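Visitor:
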Amino acid sequence: MSTTTTSPTTEIPTGTWTSDRIHSTFTFSVRHMVVATYRGGFQDFDVTLETGDGGEPVLTGAARAVSAKTQDPNLDAHLQSPDFFDASRYPEVTYRSTRIVREGEEGIRIEGELTLRGVTRPVELTGSILGPATSLDGSPKLGLELEARIDRRDFGITWNAPLPGGGLVLGDEVRLSAELEMGGVER
Numbered sequence: 004m005s006t007t008t009t010s011p012t013t014e015i016p017t018g019t020w021t022s023d024r025i026h027s028t029f030t031f032s033v034r035h036m037v038v039a040t041y042r043g044g045f046q047d048f049d050v051t052l053e054t055g056d057g058g059e060p061v062l063t064g065a066a067r068a069v070s071a072k073t074q075d076p077n078l079d080a081h082l083q084s085p086d087f088f089d090a091s092r093y094p095e096v097t098y099r100s101t102r103i104v105r106e107g108e109e110g111i112r113i114e115g116e117l118t119l120r121g122v123t124r125p126v127e128l129t130g131s132i133l134g135p136a137t138s139l140d141g142s143p144k145l146g147l148e149l150e151a152r153i154d155r156r157d158f159g160i161t162w163n164a165p166l167p168g169g170g171l172v173l174g175d176e177v178r179l180s181a182e183l184e185m186g187g188v189e190r
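Adding 3 to a residue's 1-based position in the sequence shown gives its number in our numbering.
This is how it looks when you write it as structure tokens:
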């Protein structure tokens, strides 16, 4: 079996692809009470993948901090406070790629910068890219499944509390996951 290697820009479908809010999710999870994983997600976010003819692909994303939701309204309010997202001062969480590389048939690695609470740090996303495919109405679709792990302290999110038997309420590592259905216009 022979394979051919092409540059990353020719492997990413050209065009402008935007996330479909109905069929996309952006979630976060963190260790809670030492023994469990707690999950939440952003309800209001936009992601765009743009590749021009012969150009380097660029992925950008923005989530509104006030849209962070869990299964507890009290926790949702705490997430908006200065202890966590400080949403009144920093209304958006943003990401912009600096390099996108295809890895194999479906793999993708995206290097870029995440800005959270006004702090920008390099963050690598890994996952898969699927498609393009044609939807029932004839429009092109592209799928992205991406994941990253960050240390929340790197972004100034340090709130925690000790547990009576040892350990802390929250872990420091946060897993970010995005499952995106992208609609687009191929060039």
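Beta carbons: idealized from backbone N, C-alpha and C, even for Gly. Values in this document were obtained by computation on a predicted structure and should not be read as measured data.
Any contact between the stretch 46-56 and the stretch 79-93? By contact I mean 3 or more CB pairs, one from each, below 8 Å.
Guide: Taking 8 Å as the limit for Cβ pairs, the verdict is that the stretch 79-93 does not touch the stretch 46-56.
Visitor: Under the assumption that E182 contacts R152 (Cβ atoms under 8 Å), give the Cβ distance between them as a whole number of angstroms.
Guide: Residue numbering aside, residue 182 sits at position 179 when the sequence shown is read from its first letter. Residue numbering aside, residue 152 sits at position 149 when the sequence shown is read from its first letter. E182 to R152, Cβ: 16 Å. No contact.
Visitor: Drop a sphere of 10 angstroms on the beta-carbon of L173, count the other beta-carbons inside from all chains shown, and report buried for 16 or more, exposed for fewer.
Guide: Mapped onto the sequence shown, residue 173 falls at position 170. L173 comes out buried.
Visitor: Here's a check: name, in chain order, each residue in its chain whose Cβ is nearer than 6 Å to the Cβ of T63, leaving out the five neighbours to either side.
Guide: For the purposes of this step, residue 63 is taken as the residue at position 60 of the sequence shown. Contacts found: T51 and R99.
Visitor: Do G187 and T21 have their C-beta atoms closer together than 9 Å?
Guide: One-based indexing of the sequence shown puts residue 187 at position 184. One-based indexing of the sequence shown puts residue 21 at position 18. Against a cut-off of 9 Å, the Cβ pair of T21 and G187 comes out as a contact.
Visitor: Taking only three categories from DSSP, how would you classify V69?
Guide: Numbered from 1 along the sequence shown, position 66 holds the residue referred to as residue 69. Helix at V69.
Visitor: With distances taken from CA atoms, which of I25, S27 and P60 is nearest T19?
Guide: Taking the first residue of the sequence shown as 1, we reach residue 19 at position 16. For T19, the nearest C-alpha among the options comes from P60.
Visitor: In chain order, what are the residue ranges of uninterrupted alpha helix (DSSP H) at least 4 long that sit wholly in the stretch 17-104?
Guide: DSSP runs (the alpha helix (DSSP H)) wholly in the stretch 17-104: 76-83.
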